[in-house]
Amino acid sequence: MRRPALVTGLFFALGILTAYSVDIPIFYLFFSLVGLAATCTIALILRKSENLPVGVAFFTMLLLSGAFRYELATGYPPTNHFSGVDWFGENIVLEGQVVKEPEVFDNKTRITVRAKSVLTPGGGMLRLSDKVLVVVKGQAQWVDYGDKIRAYGRLHEPQGARNPGGFDYRSYLFRRGIHGMVFVPHPLRIEVLGDRADGHGLYDLFMSNIVLPVRKSIRRSIGRNLSGEPEALLKGILLGERRALSKGLQSAFATAGVIHVLAVSGLHTALVVLIFFTTLKLLRLSDGWTVLVTVLLLILYAFITDLRPSVIRASIMAGLVLIGLILERDSDVINNIGLAALVILLIWPQSLFDLGFQLTFAAALSIILLYRPINSLLRNLTGEIHWGRWILAALAVSIAAQLGTAPVIAFHFNRFVPISLVANIVVVPTIGIILTLGFLTSIFGFWLVPVATIFNAANWFFLKLLIKMVHLFAGVSYGWFWVPSPSNWFLIGYFSFLILVTQSPRSINVRKALIYLVLIISNIYLWRGILYRSGRLEVVFLDVGQGDGVFINFPNGRKMLVDGGPRNPYFDAGEAVVSRFLHHRGIRKLDVVVATHPDVEHIGGLISVLENFQVDNLLDNGQPYDSWTTDRLYRVVRAKGIRRWTVSAGDSLVGLGAGAVVLGPNPGFISAA
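Each residue of the sequence shown is one higher than the last, beginning at 57 in this note's numbering.
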């Protein structure tokens with residue numbers, strides 16, 4: 057089999073996706089796996105492994121293995137598990153051990169705790185072995201990794217997706233093994249009972265004595281002569297820590313299409329390999345020792361950056377290339393990608409649904425598969441321009457990465473960012489310089505602090521330059537567009553097409569199979585769209601918190617929004633909920649917006665909706681009301697030329713494809729008010 061790791065990883069991932077979509081009892085999966093494994097073993101003994109039925113059995117076994125691993129990880133939680141309790145919303149006393157370095161923000165602290173026991177609302181003591189996220193209002197800076205703590209707070213179930221297209225925080229935490237949240241009102245409600253209560257295992261010793269000291273040393277080295285945005289940005293680039301980055305700067309990176317540089321990935325691991333491999337070779341170490349030490353340092357860096365999927369993928373691939381150097385064997389990069397994915401999914405099967413996992417593998421595969429044909433096309437179009445060869449190569453990499461990641465970004469964020477094609481050409485090389493100086497600062501910060509501060513000072517210039525460039529690209533008109541979330545069928549067809557166009561002309565069978573797949577998916581996609589237009593009335597009640605927000609899709613395609621939820625300095629339902637839903641559905645125009653009455657809980661969110669979407673008509677009851685919200689709302693109405701209509705009881709709305717009658721209030725009530 058050519059590229060066995062890639063094929064195995066693909067079928068294993070399909071099995072996980074199947075188990076996620078269809079509830080399959082785990083004992084069915086187990087006995088099916090045993091039967092298929094026995095079939096394949098007997099076929100190998102009888103040397104009949106070339107038969108088509110055996111091949112089908114083997115690939116089915118791989119698929120069922122993925123499904124079995126996913127069900128094993130998610131379907132059968134232990135009995136002493138937070139998801140099984142019935143006292144969410146009650147005050148509890150939690151005791152447990154901190155299993156991750158606490159994240160301290162300006163106004164809160166997040167602590168991941170392995171629960172040991174809970175004093176329940178009824179006064180009983182319950183033994184648990186589950187992870188819980190403790191959120192403290194304020195800074196609890198004295199809590200550290202490995203500490204045994206006692207927390208007094210209120211237990212909550214993590215919030216799921218409240219609206220179509222909304223973020224599912226519950227699933228996000230579940231993928232990390234966290235099934236409950238405890239909200240603590242004050243840092244003094246956290247007690248440290250002991251240091252490293254159960255931290256005598258190898259993992260705890262490794263984290264406490266190596267990983268965390270190195271991570272803290274890197275932070276100290278960065279903070280010696282950097283502050284503000286440059287310090288926060290370097291920590292984000294070097295360590296993957298974004299918590300100190302302002303929302304404005306993160307938004308600028310996303311708008312410019314370069315948010316990926318804040319994720320530790322292949323560029324980081326390549327520089328680790330380059331710096332340490334070169335240094336060790338200069339010290340005249342043997343090839344074996346050089347590779348071994350470099351691989352160990354890669355593993356250390358993966359732990360320092362919190363074992364993110366992107367750095368695990370890049371570290372596995374780099375490690376395989378280094379081992380290939382010792383064995384004097386060429387390494388198949390695409391097969392290495394499959395092996396990296398398989399390793400991650402075997403350990404963390406839920407990672408398949410993680411944005412970081414999807415982006416890193418989509419980018420890596422698309423660059424490897426598409427770079428050469430795109431680069432050849434660009435050179436054919438521009439001719440042999442020697443001085444522009446590097447620019448064309450960088451543009452080819454940027455286009456290839458964009459083709460791979462654009463559908464994933466559209467699926468999660470409803471954005472398409474064409475400006476990133478240009479932004480990446482100048483941002484990525486700058487990131488390379490910043491990373492190199494950052495690594496040198498971190499290394500010399502252990503024993504030659506004056507030298508480290510020199511590198512850090514030099515980095516200040518490039519960090520400020522990066523910030524200015526990102527804001528410049530983020531401010532380009534039409535640099536990005538809102539797009540609807542692509543369907544699963546579209547994604548399968550899209551990536552199948554990309555694979556199709558990169559295949560060798562000699563791969564006739566592969567091309568035929570992919571052509572059939574694309575045609576089948578295109579037909580499904582087309583007919584679903586035709587059949588969906590069935591003239592039905594659709595009403596979606598949005599969860600906007602306090603207030604209302606109702607979306608109505610009429611049989612003739614006209615669209616109405618009734619109220620938009622609240623708006624205050626901390627939360628704008630129009631931006632966070634209503635706009636997110638409309639972008640998810642690919643809606644750019646609303647025919648009618650209704651403001652039922654001028655309370656801020658109902659019309660506050662409409663301001664953002666009117667600013668961000670095309671609106672033809674606004675209906676209200678004509679009630680005069682003097683407030684900042686109403687003044688801002690009607691200023692937007694006048695500025696955008698939106699037709700305003702005052703309606704009352706008995707009025708009918710026509711042209712919607714369905715009857716719509718105003719029930720109240722009557723004109724006399726409004727005039728009396």
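Positions of the beta carbon are idealized from the N, C-alpha and C atoms, including for glycine.
Note that the structure is a prediction, hence the values are computed from the model and not measured.
Report task. Output yes or no for whether 9 Å exceeds the beta carbon distance between Pro-405 and Thr-130. Result -> Taking the sequence shown and counting its residues from 1, the one referred to as residue 405 is at position 349. Taking the sequence shown and counting its residues from 1, the one referred to as residue 130 is at position 74. In this structure, Thr-130 lies closer than 9 Å to Pro-405 by Cβ.
Query - Residue burial classification, Leu-354 (beta-carbon count within 10 angstroms, cutoff 16) - result: Sequence index remark: in the sequence shown, residue 354 carries index 298 (1-based). The residue in question, Leu-354, is buried, as its Cβ has 16 or more Cβ neighbours within 10 Å.
Report task. Note the first and the last residue of the continuous alpha helix (DSSP H) segment covering Asp-260. Result -> Within the sequence shown, residue 260 is the residue found at index 204, counting from 1. Looking at the DSSP string, the run of the alpha helix (DSSP H) that includes Asp-260 is 258 to 262.
Query raised in the report: Any idea if Asn-612 is buried or exposed, counting beta-carbon neighbours within 10 angstroms, 16 or more meaning buried?
Result: Position 556 of the sequence shown, counted from the first residue, corresponds to residue 612. With fewer than 16 other Cβ atoms within 10 Å, it is exposed.
Query raised in the report: Can you tell me whether Leu-249 is buried or exposed, with buried defined as 16 or more other CB within 10 angstroms of its CB?
Result: Position 193 of the sequence shown, counting from 1, holds the residue named residue 249. With fewer than 16 other Cβ atoms within 10 Å, it is exposed.
Query raised in the report: Span of the alpha helix (DSSP H) holding Gly-494?
Result: Reading the sequence shown from its first residue, position 438 is the one you call residue 494. From DSSP, the alpha helix (DSSP H) with Gly-494 extends over 476 to 500.
Report task. Have a look at Ala-253 and Lys-204 and give me their C-alpha separation to the nearest angstrom. Result -> For the purposes of this step, residue 253 is identified with residue 197 of the sequence shown, where counting begins at 1. For the purposes of this step, residue 204 is identified with residue 148 of the sequence shown, where counting begins at 1. Caution is warranted here: a pLDDT of 49 is assigned to Ala-253, below 50, making its placement in the model unreliable, and the coordinate value is therefore given only provisionally. The alpha-carbon atoms of Ala-253 and Lys-204 are separated by roughly 5 Å.
Query - Residue(s) in a DSSP beta bridge with Thr-168 - result: Here residue 168 corresponds to residue number 112 of the sequence shown, with the count starting at 1. Its beta-bridge partners are Leu-189.
Report task. Report all residues from its chain with a CB closer than 8 Å to the CB of Gly-720; omit the five preceding and five following residues, and keep chain order. Result -> Along the sequence shown, read from residue 1 onward, the residue named residue 720 stands at position 664. Cβ within range, chain order: Ser-704, Ala-705.
Requested in this report: Say whether the segment 293 to 303 touches the segment 487 to 502, bearing in mind that this needs 3 or more beta-carbon pairs closer than 8 Å, one atom from each stretch.
Outcome: yes
Requested in this report: Using a Cβ-Cβ cut-off of 9 Å, state whether Ala-207 counts as contacting chain D.
Outcome: In the structure shown, chain D cannot be found, because there is only a single protein chain.
Requested in this report: Whole angstroms is fine: what's the gap from Leu-289's alpha carbon to Arg-298's?
Outcome: Along the sequence shown, one-based indexing puts residue 289 at 233. Along the sequence shown, one-based indexing puts residue 298 at 242. Taking the straight line joining both Cα atoms gives about 8 Å.
Requested in this report: Rounded to whole angstroms, what's the CA-CA distance from Arg-732 to Val-141? Just pull it up for me.
Outcome: Absent from the structure is residue 732, since the part of the chain shown begins at 57 and ends at 729.
Query - Boundaries of the beta strand (DSSP E) in which Tyr-208 is found, first to last residue - result: Indexing the sequence shown from 1 puts residue 208 at position 152. Here the beta strand (DSSP E) through Tyr-208 covers 204 to 212.
Query raised in the report: Under the rule that 16 or more other beta-carbon atoms within 10 Å means buried, what is Arg-428, buried or exposed?
Result: As a first step, residue 428 is located in the sequence shown; it is residue number 372 there, counting from the start. Exposed, because fewer than 16 other Cβ atoms sit within 10 Å of the Cβ of Arg-428.
Query - Span of the alpha helix (DSSP H) around Gln-406 - result: Start at 1 with the first residue of the sequence shown, and residue 406 comes out as number 350. Here Gln-406 belongs to no alpha helix (DSSP H), and DSSP marks it neither H nor E.
Query raised in the report: If you draw a straight line from the alpha carbon of Gly-222 to that of Tyr-228, how long is it in whole angstroms?
Result: Within the sequence shown, residue 222 is the residue found at index 166, counting from 1. Within the sequence shown, residue 228 is the residue found at index 172, counting from 1. Looking at the two C-alpha atoms, the distance is approximately 12 Å.
Query raised in the report: When the Cβ atoms of the segment 666 to 677 are set against those of the segment 257 to 268, are three or more pairs found closer than 8 Å?
Result: no
Requested in this report: Note the first and the last residue of the continuous beta strand (DSSP E) segment covering Gln-458.
Outcome: Along the sequence shown, one-based indexing puts residue 458 at 402. Here Gln-458 belongs to no beta strand (DSSP E); instead the alpha helix (DSSP H) covers 445 to 469.
Query raised in the report: Do you know offhand how far Ala-217's Cα is from Leu-496's?
Result: In the sequence shown, the residue the question calls residue 217 occupies position 161. In the sequence shown, the residue the question calls residue 496 occupies position 440. Pairing Ala-217 with Leu-496, the inter-Cα distance amounts to about 43 Å.
Query - Rounded C-alpha distance that separates Phe-517 from Gly-380 - result: The residue you call residue 517 lines up with position 461 of the sequence shown. The residue you call residue 380 lines up with position 324 of the sequence shown. Their backbone Cα atoms lie some 39 Å apart in a straight line.
Query raised in the report: Near Val-389, which residues of its chain fall below 6 Å by C-beta distance, leaving aside the five closest residues on each side in sequence?
Result: Reading the sequence shown from its first residue, position 333 is the one you call residue 389. Closer than 6 Å at the Cβ level, and outside the excluded window around Val-389, lie Ile-424.
Query - Exposure of Gly-605, with buried meaning 16 or more beta-carbon neighbours within 10 Å - result: By one-based count along the sequence shown, residue 605 stands at place 549. So Gly-605 ends up on the buried side.
**Report entry** Residue range of the beta strand (DSSP E) that includes Glu-594
**Finding:** Position 538 of the sequence shown, counting from 1, holds the residue named residue 594. 594 to 597 is the span of the beta strand (DSSP E), which, as asked, contains Glu-594.
Requested in this report: Measure the Cβ-Cβ separation of Pro-463 and Phe-537 and say whether it is below 9 Å.
Outcome: As a first step, residue 463 must be located in the sequence shown, where it is residue number 407. As a first step, residue 537 must be located in the sequence shown, where it is residue number 481. The answer is no: Cβ separation not under 9 Å.
Query raised in the report: The beta strand (DSSP E) with Trp-701 in it runs from where to where?
Result: One-based indexing of the sequence shown puts residue 701 at position 645. Note, Trp-701: beta strand (DSSP E), 699 to 702.
Query raised in the report: What is the DSSP secondary structure of Glu-157, counted as helix, strand or coil?
Result: Here residue 157 corresponds to residue number 101 of the sequence shown, with the count starting at 1. Here Glu-157 sits in coil by DSSP.
Query - Proximity of Thr-165 and Val-188 at Cβ, strictly below 9 Å - result: Here residue 165 is taken as the residue at index 109 of the sequence shown, counted from 1. Here residue 188 is taken as the residue at index 132 of the sequence shown, counted from 1. No. Outside cutoff.
Query raised in the report: Going straight from the alpha carbon of Met-181 to that of Val-149, what length do you get?
Result: By 1-based counting over the sequence shown, the position of residue 181 is 125. By 1-based counting over the sequence shown, the position of residue 149 is 93. Distance between the alpha carbons of Met-181 and Val-149: 9 Å.
Requested in this report: Please list, in chain order, all residues of the same chain as Gly-535 whose beta carbon is under 6 Å from its beta carbon, the five residues on each side excluded.
Outcome: Indexing the sequence shown from 1 puts residue 535 at position 479. Excluding sequence neighbours, Gly-535 sits near Ile-475.
Query raised in the report: To which residues of the same chain is Val-351 closer than 7 Å at the C-beta, ignoring the five residues directly before and after it?
Result: Reading the sequence shown from its first residue, position 295 is the one you call residue 351. Answer for Val-351: Gly-375, Leu-378, listed in chain order.
Query raised in the report: Phe-637 lies in the alpha helix (DSSP H); which residues open and close that run?
Result: Translated into the one-based positions of the sequence shown, residue 637 becomes position 581. 635 to 640 is the span of the alpha helix (DSSP H), which, as asked, contains Phe-637.
**Report entry** Closest Cα partner of Phe-502 within the set Asn-677, Arg-271, Ala-99, Ala-450
**Finding:** Counting from 1 along the sequence shown, the entry for residue 502 is found at position 446. Checked all of Asn-677, Arg-271, Ala-99, Ala-450; the closest Cα to Phe-502 is Arg-271.
Query raised in the report: How would you call Asp-386, buried or exposed, if buried means at least 16 neighbouring beta carbons within 10 angstroms?
Result: For the purposes of this step, residue 386 is taken as residue 330 along the sequence shown, with counting starting at 1. Exposed, by the Cβ-count rule.
Report task. Taking Leu-89 as the reference, give the member of Ala-123, Leu-62, Arg-644 with the closest Cα. Result -> The residue labelled residue 89 in the question sits at position 33 within the sequence shown. That would be Ala-123, whose Cα lies nearest to the Cα of Leu-89.
Report task. State the Cα-Cα distance for the pair Val-483 and Ser-635, rounded to the nearest angstrom. Result -> As a position in the sequence shown, residue 483 is number 427, starting the count at 1. As a position in the sequence shown, residue 635 is number 579, starting the count at 1. Their Cα atoms are separated by approximately 30 Å.
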